[in-house]
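Note sheet for the following structure.
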Amino acid sequence: MQPSDKALVPFVSVDNMMRLIHHVGVERMMTEISDQIEADFKRWESFDKTPRVPAHSPHGVIELMPTSDGEAYGFKYVNGHPKNTSEGLQTVTAFGLLADVYTGYPTLLTEMTMLTALRTAATSALVGKYLAPKGSTTMAMIGNGAQSEFQCLAFKALCGIDTVRLYDTDPAATAKCAANLAGKGLTVVPCKTAEDAIEGAQIITTCTADKKYATILTDNMVGPGVHINAIGGDCPGKTELHRDILLRSEIFVEYPEQTRVEGEIQALDPDHAVTEMWQVMTGQAEGRRDERQITLFDSVGFAIEDFSALRYVKSAIEGTEFFEPLDMLADPDDPRDLFGMLMRAG
Ligand code: NAD
431 MQPSDKALVP
441 FVSVDNMMRL
451 IHHVGVERMM
461 TEISDQIEAD
471 FKRWESFDKT
481 PRVPAHSPHG
491 VIELMPTSDG
501 EAYGFKYVNG
511 HPKNTSEGLQ
521 TVTAFGLLAD
531 VYTGYPTLLT
541 EMTMLTALRT
551 AATSALVGKY
561 LAPKGSTTMA
571 MIGNGAQSEF
581 QCLAFKALCG
591 IDTVRLYDTD
601 PAATAKCAAN
611 LAGKGLTVVP
621 CKTAEDAIEG
631 AQIITTCTAD
641 KKYATILTDN
651 MVGPGVHINA
661 IGGDCPGKTE
671 LHRDILLRSE
681 IFVEYPEQTR
691 VEGEIQALDP
701 DHAVTEMWQV
711 MTGQAEGRRD
721 ERQITLFDSV
731 GFAIEDFSAL
741 RYVKSAIEGT
751 EFFEPLDMLA
761 DPDDPRDLFG
771 MLMRAG
């Protein structure tokens, strides 16, 4: 028996996601996703928001990230397992779903491991556009794993940087990142220490993975005027920056209720002042005030960014071959005759 068209859900596999990204272009796709994220952040109040729902284990974390704007509903399943790379597996993998609030029927199922890298970099660079010093040319990229090339290219596309200085505790990761970025329009400088990497950088991105209170940056390493894009600290007990840096910085977050539990600011008092990025984008709050201020984006990744990315993909695949119709909803002709549908199939 053939399923009806309305019960077929477009499914974007990893293979098709990669074809879509090549079709659009990596930098263009991150720029377009960032436009979608910015538009959604500007209508922040129309979303149902909740901190993501984590299931912690000694091995890592598995999280569900739901949100809705009243018309569409989306969620992402994502894991964070820093020990995975030593076993030949990814630290972060994800898939996500979009649904129609009116019928409750799913309208898109997609891989989101690639898409998360794109949306995380798109968010970082979008925030960088608001907070990084004007005319920034150089970014230190500390942590050269799966997210790193995406971060570098998003800051090139959206913030106009032309140089990245790479550092990772594992030189093989730095070599991989440098090789992947060759010929992509950036001057790439592999560095032997984090101190060396931040030399002359106006933007510092930390994107490391270790399930501990790490100190990738200490206070004496951070000079006035820099913008710090802190990506890797995104779980209770998993941070990257020394507390003294936080005390010298103006801190910007996605959704405080989630960031206070998961972000760098878990090291601060629960009422420490932070600024929400959506308010900066709508003009209700100030971004960078002056050239000497240290701005810190304490990124943990929020559900609205995934919702924006899901909606982007849903419209980008329309009229293309970058998806397969998936028979994942039982939809009998007589809605109450589910059993009859089963018997007829026998
Ligand atoms: P990955 O495991 O592929 O890469 C992490 C890299 O960090 C590795 O190459 C590792 O050698 C390096 N590293 C570890 N400790 C270091 C140190 N002290 N100094 C320098 N380098 C160090 O992980 P990934 O997929 O690139 O993700 C990186 C981090 O970003 C993870 O912690 C992940 O949870 C987080 N993340 C955050 C968001 C967000 O929205 N904020 C989204 C995706 C991933």
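Numbering (my numbering), first residue to last: 431 to 776. Glycine included, C-beta positions come from ideal geometry on N, C-alpha and C.
Looking only at C-alpha atoms, which of the options sits nearest to residue i?
| i | options | result |
| --- | --- | --- |
| isoleucine 628 | Gly662, Leu611, Gly573, Pro601 | Gly573 |
| leucine 528 | Ala551, Tyr503, Thr515 | Tyr503 |
| glycine 534 | Met571, Glu501, Pro765 | Glu501 |
| glutamate 692 | Asp465, Asp470, Pro484 | Pro484 |
| isoleucine 724 | Arg741, Asp499, Pro762, Val652 | Val652 |
| isoleucine 734 | Phe505, His489, Ala631 | Phe505 |
| histidine 657 | Gly667, Phe682, Thr669 | Phe682 |
| aspartate 499 | Asp720, Trp474, Cys637 | Trp474 |
| aspartate 465 | Leu616, Ser554, Asn446 | Ser554 |
| tyrosine 597 | Glu680, Thr636, Leu616 | Thr636 |
| alanine 715 | Cys621, Tyr560, His702 | Tyr560 |
| valine 508 | Ser516, His486, Gly749 | His486 |
| leucine 698 | Met460, Glu680, Arg774 | Glu680 |
| arginine 458 | Asp445, Ala746, Arg774 | Ala746 |
| aspartate 435 | Pro536, Glu468, Arg449 | Pro536 |
| glycine 713 | Arg449, Glu468, Asn514, His702 | Glu468 |
| glycine 749 | Leu450, Asp445, Leu768 | Leu450 |
| leucine 647 | Met773, Met571, Thr617, Glu751 | Met571 |
| aspartate 445 | Thr515, Ala775, Pro765, Glu751 | Glu751 |
| isoleucine 515 | Tyr532, Asp600, His452 | Contrary to the premise, residue 515 reads as threonine rather than isoleucine in this sequence. For the residues Tyr532, Asp600, His452, the minimum Cα distance to threonine 515 belongs to Asp600. |
| aspartate 530 | Met448, Lys744, Leu772, Ala703 | Lys744 |
| glycine 526 | Glu462, Gly455, Met447 | Met447 |
Under 8 Å between the Cβ atoms of residue i and residue j?
| i | j | result |
| --- | --- | --- |
| valine 730 | threonine 689 | yes |
| isoleucine 633 | methionine 707 | no |
| phenylalanine 477 | methionine 711 | no |
| alanine 739 | leucine 548 | yes |
| valine 557 | arginine 595 | no |
| alanine 551 | alanine 603 | no |
| threonine 638 | alanine 631 | no |
| tyrosine 685 | lysine 479 | yes |
| valine 491 | cysteine 665 | yes |
| glutamate 721 | glycine 655 | yes |
| proline 762 | aspartate 640 | no |
| phenylalanine 727 | alanine 660 | yes |
| leucine 759 | alanine 437 | yes |
| alanine 587 | methionine 460 | yes |
| leucine 538 | cysteine 582 | no |
| glutamate 687 | proline 488 | no |
| lysine 642 | lysine 668 | yes |
Could you round the C-beta distance between residue i and residue j to whole angstroms and report it? I think they count as a contact, below 8 Å.
| i | j | result |
| --- | --- | --- |
| leucine 671 | glutamate 694 | 5 Å |
| aspartate 674 | aspartate 649 | 4 Å |
| proline 700 | proline 440 | In fact, because the Cβ distance is near 42 Å, the residues do not count as touching under 8 Å. |
| threonine 497 | phenylalanine 737 | 5 Å |
Consider the C-beta atom of residue i and the heavy atoms of ligand 2; say whether any pair is separated by less than 7 Å.
| i | result |
| --- | --- |
| alanine 639 | Ligands present in the displayed structure are limited to ligand 1, and ligand 2 is not among them. |
Answer yes or no: does any C-beta atom of chain B fall closer than 8 Å to that of residue i?
| i | result |
| --- | --- |
| valine 483 | The structure shown contains no chain B, having only a single protein chain. |
| task | Evaluate the contact criterion for the region 560-579 versus the region 595-613: three or more CB pairs, one atom per stretch, below 8 Å. | result | yes
| Using 8 Å as the threshold, is the region 543-553 in touch with the region 506-526, meaning 3 or more CB pairs across them? | yes
| query | Should the region 576-592 be called in touch with the region 557-568, which here means at least 3 C-beta pairs below 8 Å? | reply | yes
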